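Protein chains in written order, with my numbering: chain A, 292 to 463; chain B, 1317 to 1540. Since the structure comes first, as structure tokens, the remarks are kept for the end.
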Amino acid sequence: MNSNIRPFWPPLTAGIALGLALFLTFLLTGHGLGASGFFTRLTAWFGGEIARPATEANSYLGPYLKGGVNRLSDWITWEVIGLLAGAFVAAVTSGRFRIRFDGARGFGPVGRVALAIAGGMLSGFGARLARGCTSGIGLSGGAPLATAAFVFLIGFFVAGVLVSMLMRRTWA
Amino acid sequence: MMLPIYDSGVASGLLSGALFGYVLENAGFASPCKLTAEFRFTDWSVFKVMFTAIIVSAVGLYVANALGVMRPNGYYIPTTYFWATLTGGALIGAGMAVGGYCPGTSVVGFSSGRIDALFFMVGMVLGTGLFGGVFDPLKGFYFAAAGPKAQTLPTLFGIPDWAVLAILIVAAVAGFVLGGRLERKSGGALTAEQVNGDTGGMGANGMAAKKLETMPIEKFSQAH
């Protein structure tokens, strides 16, 4: 079983490959890679399906529904579909694809679901506040040496370490 | 031909995304255990990969600009809104410490068969909806302490681009050395076998072996 699982790339190799992919994206599109922008569009679309008047009236999500145009159809959506596919191919061809419930190790199913949803909420909210996520601001802002990227990354790492310490205590 | 070519079509999105996903999965970033180990200082892959990628792409853009093949102000540079940028980054870091992923890596996690990543995505939609709900009262904070439009570190510090690149490279080397040392102290960076949970009794990163086991989906459904 284990012999079928290929090792991860060394971080330096992965970092160089990621840097080249990001550079290529800049040359192709004039901007970097992202992810959370898709979830904003997904949220607006979903809001439009279940509560259209309220979503249309919303000052943040409303513009994504204006004029009846399908705002899901955007570069970022195709990019996220590519992201899904590329990661899937990598996982399958390396023997690392397996349907399983990963997550916070010290917790049972209910706790893991709750933590995944809670973490997702923090992340979704944070990405809107920061106007992008780890890829959209941290990575793609880092390439043109934007101040914003480094402000973002400092917040990301400091809070990650602090909350991680609290989580470890919760786990103990 | 001047670059960028501003191709925002389907093929451009699929290609960029596919390369992105292929690399992230191969880096091990589908695993929430590996991702969160960065915050426990036991696996420095997140720092190493991100920092290397930033430097490689930054050098690429620097060279392309120097060669004169890039259009002036031809690509997107985000603007700092100090408090919103910092707090947003902090919330995404906290979200990773709690839920195991960030937005992009949750997609990668789901692609590798991790069901918990799907719940993380549900949470992201909820969090985005919540943000929409409180956007009006939050506007002051959202736009507070706006920096100069599209400001970069070289303009902030008044030093040339190459000097910033050199500093980043030194910082990256220092991070690789320090990170490598801390990784060895805790039994090495997490391997693919470890995070796939098939190994029996290894205590990598000072965690109990049972804590490193992922829960197979059968067991998860039984527990319900």
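Yeah, the Cβ is synthetic: ideal placement off N, Cα and C, and Gly gets one too. In this text the structure is predicted, and so the values were computed from the model without any measurement.
Count the other CB atoms within 10 Å of the CB of residue 1440 of chain B; is the residue buried (16 or more) or exposed (fewer)?
Indexing the second sequence from 1 puts residue 1440 of chain B at position 124. Label assigned to residue 1440 of chain B: buried.
Unbroken alpha helix (DSSP H) run spanning residue 1510 of chain B, endpoints
As a first step, residue 1510 of chain B must be located in the second sequence, where it is residue number 194. 1508-1511 is the span of the alpha helix (DSSP H), which, as asked, contains residue 1510 of chain B.
Thinking residue 392 of chain A and residue 1320 of chain B are a contact (beta carbons under 8 Å), I'd like their distance in whole angstroms, please.
The residue you call residue 392 of chain A lines up with position 101 of the first sequence. The residue you call residue 1320 of chain B lines up with position 4 of the second sequence. That belief does not hold up - the Cβ atoms of residue 392 of chain A and residue 1320 of chain B are roughly 41 Å apart, past 8 Å.
Quick check on residue 340 of chain A - is its C-beta less than 7 Å from some C-beta in chain B?
Locating residue 340 of chain A in the first sequence gives position 49, counting from the first residue. Closer than 7 Å: no.
When you compare each of B:1462, B:1482, B:1461 to residue 1470 of chain B by their alpha carbons, which one comes out closest?
Along the second sequence, one-based indexing puts residue 1470 of chain B at 154. Considering only alpha carbons, the answer is B:1482.
Taking Cβ-Cβ distances below 9 Å as the criterion, which residues of the segment 1432-1444 of chain B are in contact with chain A?
1432, 1433, 1434, 1435, 1436, 1437, 1438, 1439, 1440, 1441, 1442, 1443, 1444
Note the first and the last residue of the continuous alpha helix (DSSP H) segment covering residue 400 of chain A.
Counting from one through the first sequence, the residue named residue 400 of chain A turns up at place 109. 400-421 is the span of the alpha helix (DSSP H), which, as asked, contains residue 400 of chain A.
Consider the Cβ of residue 1381 of chain B: report whether some Cβ of chain A lies at a distance smaller than 7 Å.
Reading the second sequence from its first residue, position 65 is the one you call residue 1381 of chain B. Cβ-Cβ to chain A under 7 Å: no for residue 1381 of chain B.
Please list the partners that residue 349 of chain A has in chain B, where partner means a Cβ-to-Cβ separation under 8 Å.
To locate residue 349 of chain A, count along the first sequence from 1; it is residue 58. Neighbours of residue 349 of chain A on chain B, chain order: 1448, 1449, 1451.
At 8 Å on the CB atoms, spell out the chain A contacts of residue 1358 of chain B, in chain order.
Indexing the second sequence from 1 puts residue 1358 of chain B at position 42. Those do not exist, as residue 1358 of chain B stays about 10 Å from chain A at its closest Cβ, beyond 8 Å.
Simplified DSSP state of residue 1466 of chain B, which is helix, strand or coil
One-based indexing of the second sequence puts residue 1466 of chain B at position 150. It is coil, neither helix nor strand.
Below-7 Å beta-carbon distance, residue 1516 of chain B vs any chain A residue:
Your numbering for residue 1516 of chain B matches position 200 in the second sequence. Summary for residue 1516 of chain B: the model assigns pLDDT 34, below 50, so the residue's position carries little reliability, and this model does not support an answer.
When the Cα of residue 1414 of chain B is compared with those of A:303, A:454, A:348, A:369, which residue comes out closest?
Taking the first residue of the second sequence as 1, we reach residue 1414 of chain B at position 98. Of the candidates A:303, A:454, A:348, A:369, the one whose C-alpha sits nearest the C-alpha of residue 1414 of chain B is A:454.
Quick check on the DSSP output: what are the complete alpha helix (DSSP H) runs of length 4 or more inside the segment 1389-1459 of chain B, in order along the chain?
1398-1415, 1419-1427, 1431-1459
For residue 348 of chain A, is the classification buried or exposed, using 16 other Cβ atoms within 10 angstroms of its Cβ as the cut-off for buried?
Here residue 348 of chain A refers to the residue found at position 57 of the first sequence. Exposed is the call here.
Does the CB of residue 1460 of chain B have a neighbour CB from chain A at under 7 Å?
To locate residue 1460 of chain B, count along the second sequence from 1; it is residue 144. Closer than 7 Å: no.
Under the three-state reduction of DSSP, which class applies to residue 319 of chain A: helix, strand or coil?
Within the first sequence, the letter at position 28 stands for residue 319 of chain A. If DSSP states are grouped into helix, strand and coil, residue 319 of chain A belongs with the helices.
Note down, in chain order, all residues in the segment 1466-1485 of chain B with a beta-carbon under 9 Å from any beta-carbon belonging to chain A.
1466, 1467, 1468, 1469, 1470, 1471, 1472, 1477, 1480, 1481, 1484
Flag residue 1342 of chain B as yes if its beta-carbon sits less than 7 Å from any beta-carbon of chain A, otherwise no.
Within the second sequence, residue 1342 of chain B is the residue found at index 26, counting from 1. Chain A, which has a Cβ nearer than 7 Å to the Cβ of residue 1342 of chain B, makes this yes.
List the residues of chain B that residue 419 of chain A touches, going by C-beta distances under 7 Å, in chain order.
Here residue 419 of chain A is taken as the residue at index 128 of the first sequence, counted from 1. Those within 7 Å of residue 419 of chain A in chain B are 1444, 1447.
Euclidean distance between Cα positions of residue 400 of chain A and residue 334 of chain A:
Indexing the first sequence from 1 puts residue 400 of chain A at position 109. Indexing the first sequence from 1 puts residue 334 of chain A at position 43. Cα to Cα, the separation comes out at about 26 Å.
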